[in-house]
Every structure is written in structure tokens, then in C-alpha cells.
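So, in C-alpha cells, the structure goes:
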């Protein structure tokens, strides 16, 4: 299933929730959150934001390890 639809050269928009039909994930799903935040970013901008998110998760994980 394609969650992104092209809206211009190198730009994509998230398919509105429910239009996909096959997607029965919770609205609380992290993937939905990330895609919702990235709906108007270029692939390069989206990659940078996802990289920052991943680094934040890794730092948090290291901070809470016993």
C-alpha cells in the first residue's frame, strides 16, 4: 500500500487516514505520527527528520538503560 501520493517534482503528501482502506493501524501508531508530521517534506527533508528522530530515540534508550 502506498501511503504517500506525489504532489509535485520530488514532493509527496500523506494519503488522508482512511482513504487507504487496507490500513487498519491505530491512530497512535508511530509510523502514522511520523508520516503525518512529514506530509509536506521532500524525501531529503523527510530523511533528515527521521534521522533526527532515530538519534533522539537512541539517546533516550541509552539514558534509561540500567
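Residue numbers (our numbering): 1493 to 1558.
The C-beta atom is built at its ideal place from N, Cα and C for all residues, glycine as well.
Let me check one thing: in DSSP terms, what residues is residue 1498 bridge-paired to?
1504
Which residues bound the alpha helix (DSSP H) around residue 1544?
1535–1556
With a threshold of 16 other CB atoms inside 10 Å of the CB of residue 1493, please say whether the residue is buried or exposed.
Note that residue 1493 has pLDDT 43, beneath the 50 cutoff, so the model's placement of it is unreliable and no number is given.
CB of residue 1542 within 9 Å of CB of residue 1556, strictly
no
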